[in-house]
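Undergrad: In the numbering used here, the protein residues as written are 2 to 163.
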């Protein structure tokens with residue numbers, strides 16, 4: 002597959018909005034997020050995501066020939082979009098949303114992913130020493146934060162359809 006280097010870039014300055022003021026607000030906030038669908042003009046199924054210093058450019062191709070050489074064109078029904086949140090929990094019980102990679106060994110971590118329209122949790126990963134009560138509270142906190150991403154993702158997907 003050929004590699005094509007692109008100068009494609011989406012600035013975050015206009016998307017960051019109001020920045021958290023206190024360290025507690027920073028600990029409960031995601032990194033700046035940029036999401037855009039349909040980044041390749043003639044191709045449906047492409048997206049660009051920027052989450053802090055992480056950048057992803059994706060494209061879906063199709064339809065493909067099956068084994069008989071027939072090419073089937075079809076549609077994909079999208080039932081929902083998955084949103085997720087990763088938090089760390091300190092030994093004092095403080096939460097940090099989207100923690101930096103340099104976390105301490107004593108921290109516990111919770112990652113949840115869900116499909117909001119279907120009301121289904123598709124990922125729940127709890128690592129570290131948390132009691133059942135602490136785990137339940139941390140999962141609820143992470144679910145609440147993940148749900149806050151949904152309107153942003155939904156808006157970007159719908160904007161890409163028009």
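Backbone N, C-alpha and C define an ideal beta-carbon position, used for all residues, glycine too.
If you're wondering where the values come from, they're calculated on a predicted model, not measured in any experiment.
Specify whether the stretch 113-131 and the stretch 146-156 touch according to this definition: at least 3 beta carbon pairs, one from each stretch, less than 8 Å apart.
TA: Touching, yes, given that three or more Cβ pairs across the two stretches are closer than 8 Å.
Undergrad: Check each candidate in 58, 46 and 96 and name the one with the smallest Cα separation from residue 160.
TA: If we check each option's Cα against that of residue 160, 46 comes out closest.
Undergrad: Give every residue of the same chain whose Cβ lies closer than 8 Å to the Cβ of residue 179, excluding the five residues on either side of it in the sequence, and list them in chain order.
TA: Outside the shown range of the chain, which is 2 to 163, sits residue 179, and nothing can be said about it.
Undergrad: Just to confirm before moving on: does the CB-CB distance between residue 102 and residue 90 stay below 7 Å?
TA: Going by C-beta atoms, residue 102 is not nearer than 7 Å to residue 90.
Undergrad: Go through its chain and collect everything with a Cβ distance to residue 154's Cβ below 8 Å, but skip five positions before and after it.
TA: Answer for residue 154: 36, 82 and 84, listed in chain order.
Undergrad: Would you mind stating whether residue 31 and residue 98 have Cβ atoms separated by less than 7 Å?
TA: Closer than 7 Å, so yes.
Undergrad: Terminal residues of the continuous beta strand (DSSP E) containing residue 112?
TA: It spans 109-116 - the beta strand (DSSP E) in which residue 112 sits, taken as one unbroken run.
Undergrad: Per DSSP, what are the beta-bridge partners of residue 122 in this structure?
TA: Partner(s): 115.
Undergrad: Would you decide whether residue 139 is buried or exposed? Buried here means 16 or more other CB atoms lie within 10 Å of its CB.
TA: Residue 139 comes out buried.
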